[in-house]
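Contents: one structure, followed by commentary.
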Amino acid sequence: MYVKALIRRAEACEKLEKYDVAIEDLQVLLKSPSQDATPSVVDKAKRDLIRLNSLHEKKMEEMKNEAIGKLKDLGNTLLGKFGMSLDNFKVNQDPNGGGGYNISFNK
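So in our numbering, the last one in the sequence shown is 182, and the numbering has no gaps at all.
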């Protein structure tokens, strides 16, 4: 296994904010450590993996919020032609626990 190559690619992917690829490389390194992987390299890979998972989750949350914001803007643009907004609608989860939702319109 090419330990240095995996580490360098993981570092490069981190700088490009491709955290998922960097995480995969470190997981490959940790799942099948070779003789080239010294204990200090393995420890660093474990620490980096924890840190990258945190960064990946944060990035995914930001992307999700951005997408939801854009969808809400689109919905408000379409509903604005009828004098309405998404803020006029309220969504409640079904209290019976069936997994359904109730949507009510408030003016």
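In this text, a Cβ means the ideal position worked out from N, Cα and C, and glycines have one as well.
Remember, predicted model here, so these are calculated numbers, not experimental data.
*Quick one, which of V117, K106, N163 and E137 has its alpha-carbon nearest K182's?*
Residue 182 sits at position 107 when you count from the first residue of the sequence shown. Out of V117, K106, N163 and E137, N163 has the C-alpha closest to the C-alpha of K182.
*At what residue ranges does the stretch 91-164 contain a whole run of the alpha helix (DSSP H), taking only runs of 4 or more?*
94-106 and 114-155
_Please classify E89 as buried or exposed, where buried requires at least 16 other C-beta atoms within 10 Å of its C-beta._
As a first step, residue 89 is located in the sequence shown; it is residue number 14 there, counting from the start. Label assigned to E89: buried.
*Do you know offhand how far D123's Cα is from D95's?*
Sequence index remark: in the sequence shown, residue 123 carries index 48 (1-based). Sequence index remark: in the sequence shown, residue 95 carries index 20 (1-based). Their Cα atoms are separated by approximately 12 Å.
_Is it the case that the stretch 99-116 contacts the stretch 139-159, given that we only count it when at least three CB pairs across the two stretches are under 8 Å?_
Taking a contact to require three or more Cβ pairs closer than 8 Å, the stretch 139-159 and the stretch 99-116 do not qualify as touching.
*Return the Cβ separation of I98 and N128 in integer angstroms, given the expectation that the two are a contact with Cβ distance under 8 Å.*
Here residue 98 is taken as the residue at index 23 of the sequence shown, counted from 1. Here residue 128 is taken as the residue at index 53 of the sequence shown, counted from 1. Indeed they touch by this definition, with Cβ atoms about 6 Å apart.
_Shorter than 6 Å, the distance from the beta carbon of L81 to the closest heavy atom of the ligand COA, or not?_
You won't find the ligand COA in this model; it holds no ligand whatsoever.
*Excluding five sequence neighbours on each side, which residues of the same chain lie with their C-beta closer than 6 Å to the C-beta of L104?*
Along the sequence shown, one-based indexing puts residue 104 at 29. Result list for L104: L81 and A120, in chain order.
*How would you write the range of the beta strand (DSSP E) that Y176 sits in, first residue to last?*
In the sequence shown, counting from the first residue as 1, residue 176 sits at position 101. Where Y176 is concerned, the enclosing beta strand (DSSP E) stretches over Y176 to F180.
*Tell me whether the beta-carbon of R126 lies closer than 7 Å to the beta-carbon of D100.*
Residue numbering aside, residue 126 sits at position 51 when the sequence shown is read from its first letter. Residue numbering aside, residue 100 sits at position 25 when the sequence shown is read from its first letter. In this structure, D100 does not lie closer than 7 Å to R126 by Cβ.
*Cα-Cα separation, Y176 to K93*: Numbered from its first residue, the sequence shown carries residue 176 at position 101. Numbered from its first residue, the sequence shown carries residue 93 at position 18. Using only the alpha carbons, I get a separation of about 36 Å.
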